[in-house]
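Report on the following structure.
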Amino acid sequence: MKQGFDHLRPIWAAVREGSVDKSDELQAVATEVWQFRTQLQKDIVAMKLKLAEDPAAKLNLPDYALFSWQ
23 MKQGFDHLRP
33 IWAAVREGSV
43 DKSDELQAVA
53 TEVWQFRTQL
63 QKDIVAMKLK
73 LAEDPAAKLN
83 LPDYALFSWQ
């Protein structure tokens, strides 16, 4: 997620300064980062619930598709 925000920061700065029109790119990357962040939170909650039900449960870490910033 940090990589996503690191990629987003200069795009946001360029849009804010008005030097280039990257508003579409800003919207796309910001949405992608937001979707990943919310999915990550859901996955963490699901794993915590699974462990609460069965402390000996083996957790499978989720796989995520490559992101535009990778």
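The sequence shown runs 23 to 92 under the numbering used here.
No residue lacks a Cβ here, since even glycine has one placed at the ideal position from N, Cα and C.
In this text, all values refer to a predicted model and were calculated from it rather than measured experimentally.
Asked	Found
Inter-stretch contact (C-beta, 8 Å, three-pair minimum) for the stretch 68-83 and the stretch 38-46	no
Pair within 8 Å by beta-carbon distance, GLN92 and GLN25	yes
Where the alpha helix (DSSP H) containing SER45 begins and where it ends	45-75
Three-way DSSP call (helix, strand, coil) for PHE89 in this model	coil
Check whether VAL51 and SER45 have beta carbons under 8 Å apart	no
Length of the line joining the Cα atoms of LYS80 and MET69	10 Å
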